[in-house]
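Below you'll find the structure, written out as structure tokens, and then a few comments.
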Amino acid sequence: MTDAPKPIIQIQNVTKRFGKMTAVDNVSLDINAGEFFVLLGPSGCGKTTLLRMIAGFELPTEGRILIDGQNMAGIPPNKRPVNMVFQSYAVFPHMSVADNVAYGLKIAGVKGREVQDRVTEALELVKLGGFETRMPDQMSGGQRQRVALARSLVMRPKVLLLDEPLSALDAKLRAQMQFELSELQEKVGITFVTVTHDQDEALSMACRIGVINKGEVAQLATPSDLYEYPANRFVADFVGSVNIFEGKLTLDEPDRAAVDCPGLGKVYLNHGVTGPHGADIWVALRPEKIYLHVPGEGKAVKAAAQDAPDGYNFARGRIKGMSYLGDITLFEIELETGARIRVSRPNLSRRDQEDFTWDDKVSMHWRADSPVVLLG
Amino acid sequence: MAEQDWKASKTSFAAVSVPTLLWVVIFFIVPMAIVWLYSFGENRGLTEIAISGTLDNYKRATEWLYLTIFGKSFAVAALVTLICLIVGFSVAMAITFASEKWRPWLLLGIMLPFWTNLLIRTYALMMLLGTQGFANKGLGALWEGTSWIKTLVGLQPLPTWEPVQLLFNNFAVVFGLVYVHLPFMVLPLYAALDRLDRSLIEASLDLGAGHFRTIMRIVVPLAAPGIVAGVMITLIPALGAYLTPDLMGGTDSQMIANVIERQFKKANDWPFGAALSFLLIYAMFALIAIQSMRRKVPEVH
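For the protein sequence lines, the chains are A and B, in the order given.
Using the numbering used here, read the first sequence as starting at 47 and increasing by one per residue.
Using the numbering used here, read the second sequence as starting at 665 and increasing by one per residue.
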């Protein structure tokens, strides 16, 4: 396990322009062999273009892409050791499931018995055993996607590319497929590169995530690092829900720091601020990391969780909005400063949602390790 | 819902369907019925036709002479359709894969001849192909040029240029019919190709297929409805083509429509012309019937 991860795809200074529009701007990143890599970003950020350049459907304007150490410049899609699962699945409607899956094998020159065996194996892998003679129009969207998966996996590519694989499925099926795709990836050991705009999808499936914004890599990290240690405001805001306040650094020592935020109040951190910065910075606070005090027990809770000097990491406000989501309740609170903050509260017991109602005056606090300081 | 309500209301349904129905009856059913009746009649004098129920016209129409003309018309129409299909498919592919900016202009280029009178287009084509036409002049210039270069390097010059006979033969008929019918082929093909999900083509390439195999295995089968529509819409009018063989054909290149025309005009034998017409119509019905029997390609959305 001490081996340095081996990159299977190396994207080196790749830029792609369509006319005057720059879709991908000087992106460099390595994708390791055997990992489940997710390119995450809003629509139009260039993530699909990046994927299509790996597949060979678009050519980089500048830079180069190496797959397994081999430069892909001048190599057409049909000669690349990667296969793609398309957003629309692109299952051939005039061929049976077995013919769809066998299509690439026959072109590759695989013969008779082996074609049949590998098709059966691939279909069983995606839990479509027995569907060989079905036509695509007799299948659901989810099943067609499995056909597309089997059709690509049967080729035993070095890398499997998936373009928004779950976007066309309904919520339940999507959650199930997230697990299945991760499981499948572990089973076959092929590198998966997925493009998505859905943060839940990215967080649940990925080994590593590359967040793309306006054609550039905004952050490259594991799912938990991305969520807990976002590198900038874009990532903090795009991945999960977050409250962001502008503030001035008033104290910065190796083991503690303090920020004065006009919108939120005084924020205390149990660590120093690293990286180049001026006095103006931003503080990000996730809604679930803020504790609402139930009326009457405010002091006791605060005393129990006291890890900041008095007057820090504490705020008061009035409830302006509530949405009950079953497992949690989301609150929109107007602070005394006039700023608004989102707080989520788990409904740990059945009547928890009745603790608060609209226009209640509430106080809240957060731990000293919860806020994230953002420099950009 | 709105559509259901609309169908349920008999007055509004009648309001839209009756004019159509009347149009079909007055301008199609009635004239066709008259011609159909004539085909069972015989000439009595110069203008009088008696509907006697005789089958003589059909007997004569199925004589060897006329059958060969029918056969030849079929062969010419089939050849024209085949050429249109090959040329039209690549034209349609080119339009489909042209950039957004160019596509409307290319389509306009295909449509433009439609808006020009057929007679004018045919005469224009004849000017092009005539012995003094641009085609021959161009070929002649090339010939003279080659001859001149040969003398320049000290070789024997070519013999004097003799214009090629491009008009008034079967070649001219096929050429003219292809020219006239190409848009009929291109448009349905383009419609079919344009609807084709591009990712199907990309998926085929992704799975290792080359361009030719992708066209044969993916594009052509999925464009089949467009191909069949294009073939029918080209074959049927080509089969009944009258003007092009009349103007551009030679003495041996008459098609069945020219024979029919002669019966109604010069020969003044309306019953026989009617019988020939109906044989042609039955043949076309048969083609349409065959087309509608074929298996529908399932579509996936």
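We put the CB at the ideal spot given by N, CA and C, even for glycine.
Same chain, Cβ closer than 7 Å to Ser-1025 (chain B), neighbours up to 5 away in sequence not counted = Shown here, chain B extends from 665 to 965; a query on residue 1025 (chain B) therefore has no answer.
Arg-859 (chain B): which of B:Leu-719, B:Thr-760, B:Asn-721 sits nearest, CA to CA?
-> Comparing Cα positions, the closest option is B:Thr-760.
Listed from N- to C-terminal order along the chain, which residues in the stretch 869-880 of chain B have their beta-carbon within a distance smaller than 9 Å of any beta-carbon of chain A?
-> Of all residues in the stretch 869-880 of chain B, Leu-869, Asp-870, Leu-871, Gly-872, Ala-873, Gly-874, His-875, Arg-877, Thr-878 have a Cβ within less than 9 Å of some Cβ in chain A.
Positions along the stretch 139-156 of chain A whose CB lies within less than 7 Å of some CB in chain B = Answer set for the stretch 139-156 of chain A: Pro-139, His-140, Tyr-149, Gly-150, Ile-153, Ala-154.
At which residues does the beta strand (DSSP E) containing Asp-216 (chain A) begin and terminate?
-> Looking at the DSSP string, Asp-216 (chain A) is not in any beta strand (DSSP E), and its letter there is neither H nor E.
In chain B, which residues lie less than 7 Å from Ser-134 (chain A) when you measure between Cβ atoms?
-> Below the 7 Å Cβ cutoff, chain B contributes Asp-861, Ser-863 as neighbours of Ser-134 (chain A), in chain order.
Let me know if Ile-920 (chain B) comes out buried or exposed under the rule of 16 or more other beta-carbons within 10 Å of its beta-carbon.
-> That one is buried.
DSSP three-state call for Lys-312 (chain A): helix, strand or coil?
-> If DSSP states are grouped into helix, strand and coil, Lys-312 (chain A) belongs with the strands.
Beta-carbon gap between Ile-387 (chain A) and Trp-328 (chain A) smaller than 8 Å | In this structure, Ile-387 (chain A) lies away from Trp-328 (chain A), with their beta-carbon atoms at least 8 Å apart.
Below-8 Å beta-carbon distance, Ala-856 (chain B) vs any chain A residue = Judged by the 8 Å Cβ criterion, Ala-856 (chain B) is not in contact with chain A.
For the stretch 101-126 of chain A, which residues have a CB atom closer than 9 Å to at least one CB atom of chain B, in sequence order?
-> Listed by position along the chain: Ala-101, Gly-102, Phe-103, Pro-122, Pro-123, Asn-124, Lys-125, Arg-126.
With 8 Å as the threshold, decide whether the Cβ of Pro-885 (chain B) is near any Cβ in chain A.
-> Chain A, which has a Cβ nearer than 8 Å to the Cβ of Pro-885 (chain B), makes this yes.
Ala-867 (chain B) touches chain A at which residues, Cβ-Cβ below 7 Å?
-> Here the neighbours are Phe-132, Ala-136.
CB contact check: Ile-882 (chain B) to chain A, cutoff 8 Å = Yes, because at least one Cβ of chain A sits closer than 8 Å to the Cβ of Ile-882 (chain B).
Got a sec: is the Cβ-Cβ distance from Met-223 (chain A) to anything in chain B below 8 Å?
-> Chain B places no beta carbon closer than 8 Å to that of Met-223 (chain A), leaving this residue out of the contacts.
Cβ-based burial, Arg-40 (chain A) [other Cβ within 10 Å; buried from 16] = For chain A, the structure presents residues 47 to 422; residue 40 (chain A) sits outside this window and is missing.
Look up Met-67 (chain A) in the DSSP assignment and give the residues it is bridged to.
-> Bridge partners of Met-67 (chain A): A:Phe-64.
Partners in chain B for Arg-197 (chain A), counting only beta-carbon separations shorter than 9 Å = Ordered by position in chain B, the residues that pass the 9 Å Cβ test against Arg-197 (chain A) are Ala-867, Leu-871.
In angstroms with no decimal places, state the Cα-to-Cα distance between Ala-267 (chain A) and Thr-68 (chain A).
-> Their Cα atoms are separated by approximately 24 Å.
Short Cβ contact (8 Å threshold) for Leu-96 (chain A) with Val-131 (chain A) = The Cβ atoms of Leu-96 (chain A) and Val-131 (chain A) lie no closer than 8 Å to each other.
Beta-carbon contacts of Phe-238 (chain A) that lie in its chain and below 6 Å, excluding the five residues immediately before and after | Taking C-beta separations shorter than 6 Å and ignoring five residues to either side along the sequence, the partners of Phe-238 (chain A) in its chain run Phe-82, Leu-206, Gln-231, following chain order.
DSSP on Val-408 (chain A), reduced to helix/strand/coil?
-> For Val-408 (chain A), the secondary structure class from DSSP, reduced to helix, strand or coil, is strand.
Hey, could you find the ends of the beta strand (DSSP E) Glu-378 (chain A) is sitting in?
-> Residues 374-381.
Distance, Cα to Cα, Gly-18 (chain A) vs Arg-98 (chain A)?
-> This structure cannot speak to residue 18 (chain A), because chain A is shown only from 47 to 422.
Specify the secondary structure class of Pro-823 (chain B) as computed by DSSP and reduced to three states.
-> Reduced to three states, the DSSP call for Pro-823 (chain B) is coil.
Taking Met-696 (chain B) as the reference, give the member of B:Val-842, B:Asp-910, B:Ala-938, B:Asp-870 with the closest Cα.
-> Its Cα nearest to that of Met-696 (chain B), the residue B:Ala-938 stands out among B:Val-842, B:Asp-910, B:Ala-938, B:Asp-870.
By Cβ distance, which residues of its chain are closer than 6 Å to Leu-208 (chain A), with the 5 residues on each side in sequence left out?
-> Close CB contacts of Leu-208 (chain A) within its chain, under the 6 Å cut and outside five residues either way in sequence, are with Val-131, Thr-240 (chain order).
Met-665 (chain B): buried (16+ other C-beta within 10 angstroms of its C-beta) or exposed?
-> Note on Met-665 (chain B): pLDDT 46, under 50, position unreliable in the model; the coordinate value appears next. Under this definition Met-665 (chain B) is an exposed residue.
Inter-residue CB distance, Leu-771 (chain B) and Tyr-843 (chain B) (contact presumed, cutoff 8 Å) | That belief does not hold up - the Cβ atoms of Leu-771 (chain B) and Tyr-843 (chain B) are roughly 18 Å apart, past 8 Å.
Under the three-state DSSP convention, the category Met-665 (chain B) falls into | Only weak support exists for where Met-665 (chain B) lies, its pLDDT of 46 falling under 50; the coordinates are left without a value.
Using the Cα positions of Gln-265 (chain A) and Ala-762 (chain B), report the straight-line distance between them to the nearest angstrom.
-> Computed Cα separation, rounded: 38 Å.
Nearest chain B C-beta to Met-99 (chain A) closer than 8 Å, yes or no?
-> Not closer than 8 Å to any Cβ of chain B, the Cβ of Met-99 (chain A) fails to qualify, so no.
Going along the chain, which unbroken runs of the beta strand (DSSP E) with 3 or more residues stay wholly within the stretch 117-185 of chain A?
-> Segments of the beta strand (DSSP E) lying fully in the stretch 117-185 of chain A: 128-131.
CA-CA distance, Leu-227 (chain A) and Ser-863 (chain B)?
-> Taken atom to atom, the span from the alpha-carbon of Leu-227 (chain A) to that of Ser-863 (chain B) is near 22 Å.
So is Met-201 (chain A) in contact with chain B if we call contact Cβ pairs under 8 Å?
-> Using a Cβ-Cβ cut-off of 8 Å, Met-201 (chain A) counts as an interface residue toward chain B, since at least one Cβ of chain B sits closer than that to its own.
In chain B, which residues lie less than 8 Å from Asn-129 (chain A) when you measure between Cβ atoms?
-> Here the neighbours are Asp-870, Leu-871.
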